[in-house]
Structure formats: structure tokens, C-alpha cells
Amino acid sequence: MPATDASAADLPGAGIDGLAVELDGRTLWVTLDRPKQRNSLTWAMITGLKTIFERVRSDRRVGAVVLTGAGDRAFCSGADLSGMTGGSAFEMHESRGQLPALFEAMWASGTPTIAAVRGYCLAGGMGLALACDLVVVADDAVFGTPEINVGLWPYVISVPLLRSMPPKRALELMMTGRRIDAAEADRFGFVARLVAVDELRSATTELARGLSEAPTGVMALGRDSFYRVVDASATMQFGTVANDKAQVAMAAAFASRPCCLNATNAGPSTSSAMPSRKAVSSRTIWRRVRTR
Numbered sequence: 007m008p009a010t011d012a013s014a015a016d017l018p019g020a021g022i023d024g025l026a027v028e029l030d031g032r033t034l035w036v037t038l039d040r041p042k043q044r045n046s047l048t049w050a051m052i053t054g055l056k057t058i059f060e061r062v063r064s065d066r067r068v069g070a071v072v073l074t075g076a077g078d079r080a081f082c083s084g085a086d087l088s089g090m091t092g093g094s095a096f097e098m099h100e101s102r103g104q105l106p107a108l109f110e111a112m113w114a115s116g117t118p119t120i121a122a123v124r125g126y127c128l129a130g131g132m133g134l135a136l137a138c139d140l141v142v143v144a145d146d147a148v149f150g151t152p153e154i155n156v157g158l159w160p161y162v163i164s165v166p167l168l169r170s171m172p173p174k175r176a177l178e179l180m181m182t183g184r185r186i187d188a189a190e191a192d193r194f195g196f197v198a199r200l201v202a203v204d205e206l207r208s209a210t211t212e213l214a215r216g217l218s219e220a221p222t223g224v225m226a227l228g229r230d231s232f233y234r235v236v237d238a239s240a241t242m243q244f245g246t247v248a249n250d251k252a253q254v255a256m257a258a259a260f261a262s263r264p265c266c267l268n269a270t271n272a273g274p275s276t277s278s279a280m281p282s283r284k285a286v287s288s289r290t291i292w293r294r295v296r297t298r
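Numbering-wise (my numbering), the sequence shown opens with residue 7 and increments by one.
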């Protein structure tokens with residue numbers, strides 16, 4: 007078990023049915039904890055995950071978030087459709103927006119996210135994994151979007167799939183509903199690490215530790231910039247790269263200005279490269295660069 011100095015009851019996501027959380031160093035491990043149901047997602051779990059990612063941006067204890075599944079059968083088999091019925095037509099319609107809202111909260115969290123995947127990773131579960139920044143995969147993992155086989159189309163997870171692989175690869179999976187193993191997933195390009203099952207935890211821990219120790223402000227701004235570029239048109243991309251706050255920070259550094267970009271989810275930088283400089287806000291840096 008990981009060592010932690012934080013009360014479990016105080017962690018983001020603590021006490022939410024179907025989720026288990028633990029803090030290992032500065033890495034928050036969030037486990038989808040319904041192994042008998044192959045960790046399928048309920049509305050409560052989706053809402054809880056969204057709350058977690060909204061909170062971690064301002065939680066200085068957390069430098070990275072890992073999503074994983076309980077047991078050895080599945081990361082997540084998708085939505086628990088049996089628990090997503092009932093209520094008025096309006097309520098059901100409104101509920102359909104919860105998964106996209108979760109994805110947006112993940113991307114806006116300012117915190118590196120990793121999916122640690124073994125076993126089945128299907129439908130909405132595949133969307134959840136690929137909504138993470140990086141995916142560490144055990145060699146027994148199986149991915150797929152089987153919705154077409156029951157007369158549905160995986161609209162909701164289209165964005166994380168298209169962000170993670172060539173469009174025609176994603177389209178093939180959605181059109182055929184076929185499943186791919188870990189080796190083929192690696193060839194598709196969305197796997198950051200492919201490891202043996204018994205190395206999944208250690209490999210993910212090592213990766214998360216490195217991300218959590220990086221300069222948090224630069225990480226948050228750079229990550230935000232990356233996703234804006236991915237989502238923008240080519241014309242907009244050049245403007246994003248040229249005018250991003252991260253570029254302002256670089257300009258300040260080259261001008262020998264104090265620059266220690268720490269997002270609200272972390273304390274002062276411990277980088278040895280600038281041990282005597284005081285932390286300043288990105289707004290201050292922007293003002294200094296503009297008035298030179």
C-alpha cells in the first residue's frame with residue numbers, strides 16, 4: 007500500500023460509491039471499484055470523477071492523477087446501462103451530457119492524467135482511458151467500441167478517440183465494433199507504455215512520479231496549450247503557439263526575469279535551476295514582458 011500523509015476522507019473523490027482513492031506521494035490514484043460489474047460506470051461515478059478533476063486543479067497535494075480499475079478483468083467495460091434508465095425524458099436527455107462534461111473537466115484540470123489499463127477497456131471505458139493524457143497498458147488489455155453491434159454509434163467518445171489516434175483508425179473501430187489487443191493498440195499509437203501485467207503498477211507509478219515532479223505551472227500551461235492546438239484549425243494553431251502564456255514565461259526567462267510558474271495546484275517550485283528566485287504569477291510575468 008502506498009504511504010500517504012493525507013487523510014483518506016479528505017482526498018478528492020473520497021466517499022463516492024464505486025470509486026476508491028489513495029494518495030501515493032503526489033499521485034492521486036482513482037480506482038473504478040466495481041470489479042463484479044467489470045467496473046462499469048454509473049451516473050454517480052461519472053459525477054464523482056468530474057468532481058475529482060474539478061478539485062485537483064486547486065489541490066496542492068496532487069501533481070498527477072492515475073485512473074485504474076479494480077480486479078484483474080477490466081479497466082472499465084463502459085456505462086452501466088441497467089442503472090441509467092428511469093426518470094423523465096428531459097432528465098435522461100440532460101444525463102447524456104455527463105460523460106462529455108467529465109472529459110472536459112479532465113482536460114481542464116491542469117494536472118497530468120494517466121490511465122493504467124488491464125483487461126477489458128470498452129465503449130465509454132475506452133473513451134475514459136483515452137481522455138487521459140497518457141495510457142499505460144498491460145499486455146492483457148483489450149480495447150474496442152462495440153456500440154455498433156447493438157445498433158448504437160459511440161458519439162460521446164468520438165473526441166477522445168480522435169485526439170488519440172489517426173481518424174481512420176478511430177473510424178474503423180467505430181464502424182466494425184471489433185476488439186484489438188494491447189499490441190495492436192500500441193500500433194494504433196495511443197499507448198504510452200506497454201508492459202507485462204505484473205509491471206503495470208510500478209511502470210505507472212514511475213511515470214506519474216516523473217510528471218508530478220515537473221514544474222507544475224509550466225506543465226499546466228503547456229498541457230492547456232497542447233489541447234488548444236490539437237482542437238484548433240491550422241490558422242488558429244499558429245496564433246495559440248505564438249501567444250500562449252508559456253511563450254510569455256519563456257520570454258521572461260530569456261530576459262533574466264524571475265520566473266517560477268506554479269499553478270494553484272502546487273506550492274513553490276523546487277527546481278535546482280533557479281533556487282534563489284521567488285515565485286511570481288503568470289499575470290506579473292505578462293505585465294513585465296509587455297512593459298519592457
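Don't be surprised by glycine CBs; every beta carbon is placed ideally from N, CA and C.
Remember, predicted model here, so these are calculated numbers, not experimental data.
Which residues DSSP lists as bridging residue i, in chain order
{"i": "L128", "result": "G150"}
{"i": "R40", "result": "DSSP, once it has assigned bridges, lists no residue as partnering R40."}
{"i": "L168", "result": "None; L168 has no bridge partner."}
{"i": "D187", "result": "V148"}
{"i": "V141", "result": "A121"}
{"i": "L47", "result": "A85"}
Simplified DSSP state of residue i, which is helix, strand or coil
{"i": "F109", "result": "helix"}
{"i": "W35", "result": "strand"}
{"i": "T117", "result": "coil"}
{"i": "R234", "result": "helix"}
{"i": "A135", "result": "helix"}
{"i": "I58", "result": "helix"}
{"i": "F81", "result": "strand"}
{"i": "T193", "result": "Residue identity check: residue 193 is Arg in the sequence provided, not Thr. DSSP places R193 in helix when its eight states are reduced to three."}
{"i": "I22", "result": "coil"}
{"i": "L158", "result": "coil"}
{"i": "L227", "result": "helix"}
{"i": "R175", "result": "helix"}
{"i": "S275", "result": "Caution is warranted here: a pLDDT of 41 is assigned to S275, below 50, making its placement in the model unreliable, and no coordinate value can be reported."}
{"i": "D16", "result": "helix"}
{"i": "R67", "result": "coil"}
Distance between beta carbons of residue j and residue i, contact taken as under 8 Å
{"i": "G125", "j": "V162", "result": "Between V162 and G125 the Cβ distance is about 22 Å, and since that is not below 8 Å, they are no contact."}
{"i": "V142", "j": "T210", "result": "5 Å"}
{"i": "T117", "j": "R63", "result": "6 Å"}
{"i": "F196", "j": "L136", "result": "6 Å"}
{"i": "A85", "j": "L47", "result": "5 Å"}
Segment limits, beta strand (DSSP E) that includes residue i
{"i": "G75", "result": "70-75"}
{"i": "L29", "result": "25-30"}
{"i": "S201", "result": "Residue 201 is actually Val in this sequence, not Ser. Looking at the DSSP string, the run of the beta strand (DSSP E) that includes V201 is 199-201."}
C-alpha gap between residue i and residue j, whole angstroms
{"i": "E60", "j": "V68", "result": "12 Å"}
{"i": "S277", "j": "V156", "result": "Residue confidence for S277 is low, a pLDDT of 41 falling below 50, so the modelled location carries little weight; the figure read from the coordinates is stated next. One C-alpha to the other measures close to 53 Å."}
{"i": "A238", "j": "D230", "result": "12 Å"}
{"i": "G21", "j": "L217", "result": "27 Å"}
{"i": "D139", "j": "V201", "result": "18 Å"}
{"i": "A191", "j": "D65", "result": "33 Å"}
{"i": "R78", "j": "A122", "result": "One detail in the question is off: residue 78 reads as Asp in this sequence, not Arg. Cα to Cα, D78 sits roughly 12 Å from A122."}
{"i": "L105", "j": "T57", "result": "12 Å"}
{"i": "G223", "j": "R40", "result": "35 Å"}
{"i": "G150", "j": "P221", "result": "35 Å"}
{"i": "G24", "j": "V236", "result": "32 Å"}
{"i": "G31", "j": "V71", "result": "11 Å"}
{"i": "A114", "j": "D16", "result": "22 Å"}
{"i": "I154", "j": "S83", "result": "15 Å"}
{"i": "G54", "j": "V36", "result": "11 Å"}
{"i": "T182", "j": "P173", "result": "14 Å"}
{"i": "Q43", "j": "E205", "result": "24 Å"}
{"i": "M180", "j": "F194", "result": "14 Å"}
Residue i at chain C interface by Cβ criterion, 8 Å
{"i": "E212", "result": "Within the model displayed, chain C is absent; a lone protein chain is all it includes."}
Bounding residues of the alpha helix (DSSP H) (the contiguous stretch that carries residue i)
{"i": "G103", "result": "Unbroken run through G103: none, as it is neither H nor E."}
{"i": "E219", "result": "Element bounds for E219: n/a, residue is neither H nor E."}
{"i": "E205", "result": "Taken as a continuous stretch (DSSP letters only), E205 belongs to no alpha helix (DSSP H), as it is neither H nor E."}
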